[in-house]
Amino acid sequence: MRFLALAAALVGLAAAAPAPTASPTLSDDIVVVSTATPSATPSAVFWTPSAKSVKVCNESSYSASEAPKSVKRADFRDCASLLSAFGPHKGAFTIPAAASYGGGLVDALKSDSCTFAVGAVEGPLRLGDGDVDFIVHKALLDYSAGLEMAAQGLIDCPVEGGGPKEKAKLHWRVSNSTRNHH
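Numbering (full-length UniProt numbering), first residue to last: 1 to 182.
See below:
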């Protein structure tokens, strides 16, 4: 009888406990920019999680090429890992105009040797998780050579606060870290 009373008490406590809530920040290190709000980081690129997948860029505007030889190559397996690890994340990046943080590309996602970096001439632009999946997947398919890869390109993404059709070019790169590569 005492066992049943103890079991009933534990079940009652478990039922009364608050349900876990989703955290606005990420529990892993794949997103390497600030989450949820702009920060005092030099790039000011930030990630805002959402309940649903976000896809806002114009896929038909996608263009890509192999990155110049001066760009350090990533292990394509690390890039596949980056794509897989980022898969469950839902939300969007906000990318300000490059002039507002010194220009160049900013590392947004990183997994071992593979980095997904972004930059915008005009901005701020929005880039959804679905857009990242599309870009990195295409780059993996089209620009891996042996065990190495480095690709870069452009895609039209919406200007934050602009009209529904107002888009601007987002520069992207999938390679080893973009640090020291502008």
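Virtual Cβ for every residue (Gly too), placed ideally from N, Cα, C. Since the structure is predicted, the reported quantities are computational estimates derived from the model, not experimental observations.
Cα separation between residue i and residue j?
i      : j      : result
Val71  : Asn176 : 8 Å
Phe76  : Val106 : 20 Å
Leu170 : Ala80  : 22 Å
Lys52  : Thr94  : 16 Å
Ser50  : Ala108 : 17 Å
Ala85  : Val45  : 20 Å
Gly65  : Val136 : Sequence inspection shows Ser at residue 65; the Gly mentioned does not correspond to that position. So the alpha carbons of these two residues sit roughly 13 Å apart.
Val31  : Lys69  : 26 Å
Asp142 : Pro164 : 31 Å
Ser60  : Ala168 : 13 Å
Apart from the five residues on each side of it in sequence, which residues of its chain come closer than 8 Å, Cβ to Cβ, to residue i?
i      : result
Ala97  : Ala120, Val121, Glu122, Gly123, Pro124
Ser63  : Gly153, Leu154, Ile155
Glu160 : Thr94, Gly123, Pro124, Leu125, Arg126
Ala139 : Ala64, Cys79, Met149, Ala151, Gly153, Val174
In the DSSP assignment, what residue or residues form a beta bridge with residue i?
i      : result
Leu170 : Ala120, Ile155
Ile135 : Note: Ile135 sits in no beta bridge, so no partner.
Pro49  : Gly91
Where do the N-terminal and C-terminal ends of the alpha helix (DSSP H) with residue i fall, by residue?
i     : result
Ser81 : 76–86
Which same chain residues end up closer than 7 Å to residue i when comparing Cβ atoms and leaving out the 5 residues on each side of it in sequence?
i      : result
Arg73  : Glu148, Met149, Ala150, Ser175, Asn176
Glu166 : Pro158, Val159
For residue i, report the span of its beta strand (DSSP E) as first-last.
i      : result
Glu59  : 58–66
Asp112 : First-last for Asp112: undefined, no H or E at that position.
Arg126 : 125–128
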